[in-house]
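K.L.:
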Amino acid sequence: MIFAASLAAAVVIVVLSATALALWYERKLAARMQTRIGPQFVGPIGLFQPVADLLKLVQKEEIVPMGADRVLFALAPPLTVIFALAAAAFVPLWPGVAVVRSDVGVLLVIGFGGLAMVPVWMAGWASFNKYALLGAMRAVAQSISYGVPLVLAAMVPVILAGTMDLDGITQFQATHHWFGLWPIIPGLPAFILFLLAMLAESNRIPFDIPEAESELVAGVTTEYTGMQFGFVYLAEYVHTVVGAAIGSVMFLGGWDGPFAPGLHWLLLKTLCLFTFIYWIRWTLVRLRADQLMTLCWKWLVPAGLGLVFLSAAWNQTGWSR
Amino acid sequence: MAVIEEPRSYFHPLYDVMLSTPGLSVGVAPLDRLLTWGLKNALWVFPMATSCCGIELMASAAARVDLDRMGTIMRASPRQSDVMVVAGTITVKMAPRVRRLWDQMPEPKWCIAMGSCAISGDFYRNLYPVVPGIDTFIPVDVYVPGCPPNPEALMHGLMRLQEKIGLQREGKLVPSEPRPDFDAMVRPPALSRIGDAARAADLSDRQEQAALTMCPDAAPGVVEDEEKGFAQPATQATPPLNTELVELLRDRFGVTEFPLNAPPVVSADKHLELAATLQKMGYRQFLFVAASHRPAKEGSEDLCEVAYGLRTVGAGTKEAIWQVRVPTNQTVPSLVPLFAGADWQEREQYDLVGVKFAGHPDLRRIMMSDDWVGHPLRRDYPADKECAPWR
Amino acid sequence: MEVTTPVRTLPYRKLELYEPEGDMLTLQLGPQHPSTHGVLRIKLHLDGEKIIKAVPYPGYLHRGVEKLCEQLTYVQMIPIVDKDDYIAPMHNEQALVMAFEKLLKIEVPRRGQWLRSLLSELQRVASHIFWLGTMSLDLGGALGGGSTNFIYCLRERELILDLFEELTGSRFHYNTHCIGGNRHDIPAGWAAKVHDAVNLIRARLPEYEAMSCNHRLFIERMRGVGVLTGALALELGITGPNLRASGVDHDLRRDAPYDAYREIPVNVQTAKEGDCLARTHVRLAEMRESLRLIDLLIDGMPTGPINSSRPAKQANQIKIPSGQAYASLESPRGELGTFVVAGNGEANTSPYRLKIRPPSLHALAALPYLLVGHNVSDAVAILGSLDPIMGEVDR
Chain Z
37 MIFAASLAAA VVIVVLSATA LALWYERKLA ARMQTRIGPQ FVGPIGLFQP VADLLKLVQK
97 EEIVPMGADR VLFALAPPLT VIFALAAAAF VPLWPGVAVV RSDVGVLLVI GFGGLAMVPV
157 WMAGWASFNK YALLGAMRAV AQSISYGVPL VLAAMVPVIL AGTMDLDGIT QFQATHHWFG
217 LWPIIPGLPA FILFLLAMLA ESNRIPFDIP EAESELVAGV TTEYTGMQFG FVYLAEYVHT
277 VVGAAIGSVM FLGGWDGPFA PGLHWLLLKT LCLFTFIYWI RWTLVRLRAD QLMTLCWKWL
337 VPAGLGLVFL SAAWNQTGWS R
Chain V
990 MAVIEEPRSY FHPLYDVMLS TPGLSVGVAP LDRLLTWGLK NALWVFPMAT SCCGIELMAS
1050 AAARVDLDRM GTIMRASPRQ SDVMVVAGTI TVKMAPRVRR LWDQMPEPKW CIAMGSCAIS
1110 GDFYRNLYPV VPGIDTFIPV DVYVPGCPPN PEALMHGLMR LQEKIGLQRE GKLVPSEPRP
1170 DFDAMVRPPA LSRIGDAARA ADLSDRQEQA ALTMCPDAAP GVVEDEEKGF AQPATQATPP
1230 LNTELVELLR DRFGVTEFPL NAPPVVSADK HLELAATLQK MGYRQFLFVA ASHRPAKEGS
1290 EDLCEVAYGL RTVGAGTKEA IWQVRVPTNQ TVPSLVPLFA GADWQEREQY DLVGVKFAGH
1350 PDLRRIMMSD DWVGHPLRRD YPADKECAPW R
Chain H
1172 MEVTTPVRTL PYRKLELYEP EGDMLTLQLG PQHPSTHGVL RIKLHLDGEK IIKAVPYPGY
1232 LHRGVEKLCE QLTYVQMIPI VDKDDYIAPM HNEQALVMAF EKLLKIEVPR RGQWLRSLLS
1292 ELQRVASHIF WLGTMSLDLG GALGGGSTNF IYCLRERELI LDLFEELTGS RFHYNTHCIG
1352 GNRHDIPAGW AAKVHDAVNL IRARLPEYEA MSCNHRLFIE RMRGVGVLTG ALALELGITG
1412 PNLRASGVDH DLRRDAPYDA YREIPVNVQT AKEGDCLART HVRLAEMRES LRLIDLLIDG
1472 MPTGPINSSR PAKQANQIKI PSGQAYASLE SPRGELGTFV VAGNGEANTS PYRLKIRPPS
1532 LHALAALPYL LVGHNVSDAV AILGSLDPIM GEVDR
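Protein chains in written order, with our numbering: chain Z, 37 to 357; chain V, 990 to 1380; chain H, 1172 to 1566.
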């Protein structure tokens, strides 16, 4: 119990500090892609920039707009962080160890991912702002739609490994093969599908219509000030970091790797996926809401169903056992 | 009147808690230094970009200057920004919005006036729609002069702002006056800020006079000095209308006068018919409406001359320009039924000159706000018309 | 040029006719909004996200330039009109002085004409490249791929601004045109720099095309959005790339040639579709054409004076006899014209009335027609693709 609690605290600290680092990393990465330098003056190579941002956000006045639903308005930002962090509890850190080991880990992770939509809707509704409302509407529609291909993509490793336990999936990959690489037919497309759906769930470009800056000013976060905004800002990154971690657990073997399997492999894979996600973000333009729905329901969902069928067929061949 | 240093020192409620809790108050000083460092190094900009300076504001976020180096990013929502950079001319119509956006920003907040229009109104200062400097209605912390200032200048301004924040928080830059009532704060511009008190009052007039008397009799068009190396001006005149149109106007619309350097005058009742005829002849592109006001003089009444322009499309394009001359209180037939493009142009002329167009479906003001009194481009309208409380 | 049936549906439709019981959302886009290109307000009536009526409200940047010009002399007002279309100040100045020259019957010397055309083409490239950047910003947001493309485009724009800075001393607001010619002649070594910049931009254009009009997502967002028919465009007085993207082959540089365009033929770029993608293609093609013209202009630059007289130093040095004239040129946004009413019966040093014909105003007037039926995301794309500059719309 004490071990689990301290592990949980450690995971929270690691994820939050990794997120702070990710903030810096992403800004530097974006700047490099744009032939800029990025944060440079605050600390060595701008490393303390997220700290300065955080300290500033803490000091800002917190404004509740007139006409806002005060309770929901105040509750939404912390909830976004909590839901985003909750999914991290199920990530297997090294063989046999996770904060929470559950036989239905995959289901819980996806469930918490889907729950993250609730505070977004709360924020959008409570803000008493049309931009926020439109953003929240888009977020809900997108989250519900993209939940389906996400589940379908996640079903592929579940079927292949024969378990819903995230650690079990990793163990299976360690003894057999990484699902992202083999079997190439349901595995790699499922990995890509999972990435796409996860981008949509965490509202990253090209799926960032809920906070579409050029259309909806700042989307659901339009009315949030100070640390309230800081929470939402943080939650976005936590969501991406945790999503990248789960992607690497389910398709890239998590802690598994040559030489010494362990946490470092998980972190490395997460970093690679994170970089890839932000590479996409700083390259593509966003899609329109109806195009997103078309993409989801006409292409991704049928593809996901096909992949589930194919993975079941692969299991019938018995080649991976 | 000296520059008023606006006293704005917002402190987070956290300080009160720490100061009132025994044992925690020792932490205030180091914490304050840390927090000040945070404030200084994460200045998020709200780009209140209206015109030319806004382009330089965008350029300062781009690769050459890159404000991100000092931790400054642009936020589209005022709720999440710390510095409002007012870049561009602020008009009377826009000023209430700027004020409102400023009020929506959370404390602690700062304002940078970027460019001479935001600082003083620049050469638009004495014109009816322009607010003479944004510091008449929001407190400005840093002025970045220029027209427009280079991106480097904006970065320099942000660095000066960092210094100022540091000094304010250390208490070295104390507010000199009690906090004024900002909600009611719209005050006349501090003229002394841009004028020199030691300067003689009539110096500007004398300078202008001196400039005017230096070349009293400039011949029309020809500059007095023809040194070698300068080409001679050409003298052949270009006819304002092509012969086809001259014949049309003479034969079908009863126009007799065709002045060499002005469009022919068509009577108001033939005007719409002329436009329809021209449209059938291929003049299908709408060019412009320009009304000019001729105030009443001896022998003539208060007139408005409304010039219209159409153009043919494609190779060898020709333009047809004619004008309608009506007393100011009468209407001109609108061209909107024929050319949808006349819509906004006629609204503009109605707004600015006060010509009424008969048959226009939506004759509202377009440039000025709906409650504006008078028509600014009339000759008898004072250019520096006051508009309380903004100017 | 297939322009036949005129479109006679005015956008003043009554909202009550649209589902009287339905819930509608009124969204005020602007006047301060990240992608209204300045301070434009558009009142959108939304059904869900679908726009059922759009009413633009310009005028938030109305600075009274025309009134100011009545107060100033012909020499003084040239730097004032620089601020109208602040993306392409060169064209503003030239459109103004062309009207004065027409009244004065002054002919600009050949080198001056070529220099004007050269500056005009450089400015056109700078303007279109800036437009491409802001268009990407509208589609991709400041926190996404759009801003990457935007920053690339601004990097190239800086090259041209550097050239202008060397020539005139200012990044924009040049005050380089004067009545009868130009104020600043080409400095030594400038031509080589122009070539370098042009070659660099030409070499990098495929990169931008890969990120914009050849990119799958970009095409998806732009194709079929905001279709403007040629007939409507003509009737609305829309000019420039917006008109040419609707299939109307019309360009003042070729059809009513002025300056060096009388000697150098311009290939007019058109597209048929009239949607946002067509406008993008036309602008990119125009950019290539302008780069070609710049090379021709700088190589064939004649010798001789650049001005028909010494540039005026005193404010009241130039008097224009009473008369009215309209002169126009092809700016990056379309036909930018100046209608000047000079003098009131006698020669005078300042105009009686000055009217600037802004191409952006007409482009914006198309918004009520174009936005209906699209959703909010498209509204931003359509607005961006029309390339309005509010300084010019409102003056």
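Think of the CB as a built atom: it goes at the ideal place given N, C-alpha and C, for glycine as much as any other residue.
For a contact defined as C-beta to C-beta under 8 Å, what are the partners of W318 of chain Z on chain H?
P.N.:
G1315, G1316, S1318, T1319
K.L.:
Please compile the residues from chain H whose C-beta is within a distance smaller than 7 Å of the C-beta of K166 of chain Z.
P.N.:
Against chain H, a Cβ distance below 7 Å from K166 of chain Z picks out L1196, L1198.
K.L.:
With DSSP as the reference, label Q1495 of chain H as helix, strand or coil.
P.N.:
strand
K.L.:
For a contact defined as C-beta to C-beta under 8 Å, what are the partners of L1023 of chain V on chain Z?
P.N.:
L91
K.L.:
In chain order, what residues of the stretch 1338 to 1357 of chain H put their CB closer than 8 Å to some CB of chain V?
P.N.:
R1342, F1343, H1344, G1351
K.L.:
Checking the sheet assignment: what are the DSSP bridge partners for G1616 of chain H?
P.N.:
Because chain H is modelled from 1172 through 1566, residue 1616 of chain H falls outside the range shown and cannot be assessed.
K.L.:
With which residues is C1293 of chain V paired in a DSSP beta bridge?
P.N.:
V:H1282, V:V1315
K.L.:
CB F215 of chain Z to CB F287 of chain Z, shorter than 8 Å?
P.N.:
yes
K.L.:
In three-state DSSP terms, what is Q1523 of chain H?
P.N.:
The question names Gln, yet the displayed sequence has Tyr at residue 1523 of chain H. Here Y1523 of chain H sits in strand by DSSP.
K.L.:
Closer than 7 Å by beta-carbon distance: list the chain Z residues that pair up with L1388 of chain H, in chain order.
P.N.:
P242, L320, V321, L323
K.L.:
How should S1256 of chain V be labelled, buried or exposed, when 16 other C-beta atoms within 10 angstroms of its C-beta is the threshold for buried?
P.N.:
S1256 of chain V comes out exposed.
K.L.:
Counting only Cβ pairs nearer than 7 Å, list the residues of chain V close to S1419 of chain H.
P.N.:
Checking the sequence shown, residue 1419 of chain H turns out to be Val, not Ser. What V1419 of chain H touches in chain V: V1302.
K.L.:
Can you name, in chain order, every residue of its own chain whose Cβ lies under 8 Å from the Cβ of L1334 of chain H, other than the five neighbours on each side?
P.N.:
Once the five neighbours on either side are set aside, the close Cβ partners of L1334 of chain H are L1293, W1361, K1364, V1365, A1368.
K.L.:
Taking the alpha-carbon of I1553 of chain H as reference, which of H:D1446, H:N1519, H:P1522, H:T1520 has the nearest alpha-carbon?
P.N.:
H:D1446
K.L.:
Below 8 Å between beta carbons: does that hold for M1103 of chain V and S1070 of chain V?
P.N.:
no
K.L.:
When we look at the beta-carbon of P1011 of chain V and count the other beta-carbons within 10 Å, is it buried (16 or more) or exposed?
P.N.:
Exposed: under 16 other Cβ atoms inside 10 Å.
K.L.:
Report the residues of the stretch 102 to 126 of chain Z with a CB closer than 7 Å to any CB of chain V, ordered along the chain.
P.N.:
none
K.L.:
Below 7 Å CB to CB, which residues in the same chain sit around L1541 of chain H once its five sequence neighbours on both sides are set aside?
P.N.:
G1397, L1399, I1553
K.L.:
Given this structure, state the Cα-to-Cα distance separating E259 of chain Z from T1197 of chain H, to the nearest angstrom.
P.N.:
18 Å
K.L.:
Closer than 9 Å between beta carbons: that is the criterion. Which residues of the stretch 53 to 73 of chain Z meet it against chain H?
P.N.:
A66, M69, Q70, T71, R72
K.L.:
Please determine, among V:S1066, V:V1119, V:V1315, V:I1108, the residue with the shortest C-alpha to C-alpha distance to R1089 of chain V.
P.N.:
V:S1066
K.L.:
Please compile the residues from chain V whose C-beta is within a distance smaller than 8 Å of the C-beta of V253 of chain Z.
P.N.:
A1065, S1066
K.L.:
Alpha carbons only, please: which of H:H1344, H:R1394, H:V1210, H:L1243 is nearest the one belonging to T1520 of chain H?
P.N.:
Taking only the C-alpha atoms, the option nearest T1520 of chain H is H:L1243.
K.L.:
Within 10 angstroms of its Cβ, does L1538 of chain H collect 16 or more other Cβ (buried), or is it exposed?
P.N.:
Label assigned to L1538 of chain H: buried.
K.L.:
Which whole-angstrom value describes the C-beta separation of L43 of chain Z and V156 of chain Z, a residue pair presumed to lie in contact below a C-beta threshold of 8 Å?
P.N.:
Actually they do not touch by this definition, with Cβ atoms about 29 Å apart.
K.L.:
Apart from the five residues just before and just after D1021 of chain V, which ones in its own chain have a Cβ nearer than 6 Å to its Cβ?
P.N.:
none
K.L.:
In chain Z, which residues lie less than 8 Å from I1322 of chain H when you measure between Cβ atoms?
P.N.:
Q70, T71, R72
K.L.:
For D1218 of chain H, write down the residues that DSSP places opposite it in a beta bridge.
P.N.:
H:K1221
K.L.:
Roughly how far, in whole angstroms, is the beta-carbon of L1371 of chain H from the beta-carbon of L1330 of chain H, given that I think they are within contact range, below 8 Å?
P.N.:
6 Å
K.L.:
List the whole-angstrom C-beta distance separating L59 of chain Z from Y314 of chain Z, where the pair is believed to meet the contact cut-off of C-beta under 8 Å.
P.N.:
That pair is no contact at about 11 Å.
K.L.:
What is the residue span of the alpha helix (DSSP H) that P1140 of chain V lies within?
P.N.:
1140 to 1159
K.L.:
Using 8 Å as the limit for Cβ to Cβ distance, is E1434 of chain H near chain V?
P.N.:
So no, E1434 of chain H is outside the interface.
K.L.:
I'd like to know if D1426 of chain H contacts chain V, where contact means its C-beta is closer than 8 Å to some C-beta of that chain.
P.N.:
yes
K.L.:
Give every residue of the same chain whose Cβ lies closer than 7 Å to the Cβ of D1130 of chain V, excluding the five residues on either side of it in the sequence, and list them in chain order.
P.N.:
W1099, C1100, I1101, L1150, K1153
K.L.:
Kindly give me the distance between the Cβ atoms of L1462 of chain H and R1373 of chain H, rounded to whole angstroms, as I take these residues to be in contact under 8 Å.
P.N.:
Contact flag correct, Cβ pair sits at about 5 Å.
K.L.:
Please confirm whether P193 of chain Z and A233 of chain Z have their CB atoms less than 8 Å apart.
P.N.:
no
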